[in-house]
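My numbering applies: residue 2 is where the sequence shown begins, and numbers increase by one.
Virtual Cβ for every residue (Gly too), placed ideally from N, Cα, C.
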Amino acid sequence: MDDETPRVELTPQAADLLRRLRAVHGPLMFHQSGGCCDGSAPMCYPDGEFRTGSSDVLLAELVVEGVDEPVTFWMSRSQYAVWCHTRLIVDVVPGRGSGFSLEAPEGMRFLTRSRVVDA
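Quick look at the structure:
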């Protein structure tokens, strides 16, 4: 993937939800692990609430209009090895995802769509 291709982008609906969550919870971050079930969905946390380490890769600092600071997007290194040739598109759909992610009480859940890009 070239340097001009964003690794992660947001749909307008995801950006809207992030603005609402930011107003309530302060600065935000995403982490997407390689776990099963909701563990493979992007989880939204207050920034710093999920502890990242050497087994994680920072893929993006997402700029959301109306939010003062970027929303970081982290992925487990093992999952990134599989998804490294894709552009990740964070979207949101009605439904209940994990109870750990901030959007759960909103009746919405974040999900990742992907598009293969040239290496």
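Going by the DSSP bridge assignment, what does residue i pair with across the sheet?
i	result
Q33	M76
D48	BP columns for D48 are empty, so no partner.
Can you name, in chain order, every residue of its own chain whose Cβ lies under 8 Å from the Cβ of residue i, other than the five neighbours on each side?
i	result
G27	P47 and D48
T87	S115, R116, V117 and V118
Q14	D92 and V93
Whose C-beta lies closer than 7 Å to the C-beta of residue i among residues of the same chain, with five residues either side of it excluded?
i	result
R20	V65, G67 and V68
L63	V9, L11, P71, V72 and F74
Report buried or exposed for residue i, applying the criterion of at least 16 other Cβ atoms within 10 angstroms of its Cβ.
i	result
G33	Rather than Gly, the amino acid found at residue 33 in this sequence is Gln. With 16 or more other Cβ atoms within 10 Å, it is buried.
R43	Strictly speaking, residue 43 in this sequence is Pro, with Arg absent from that position. Its Cβ being crowded by 16 or more others within 10 Å, P43 is buried.
A16	buried
Do the region 57-75 and the region 100-116 make contact, defined as three or more Cβ pairs closer than 8 Å?
no
contact_flag[the region 99-108, the region 70-89] where n(CB pairs < 8 Å) is 3 or more
no
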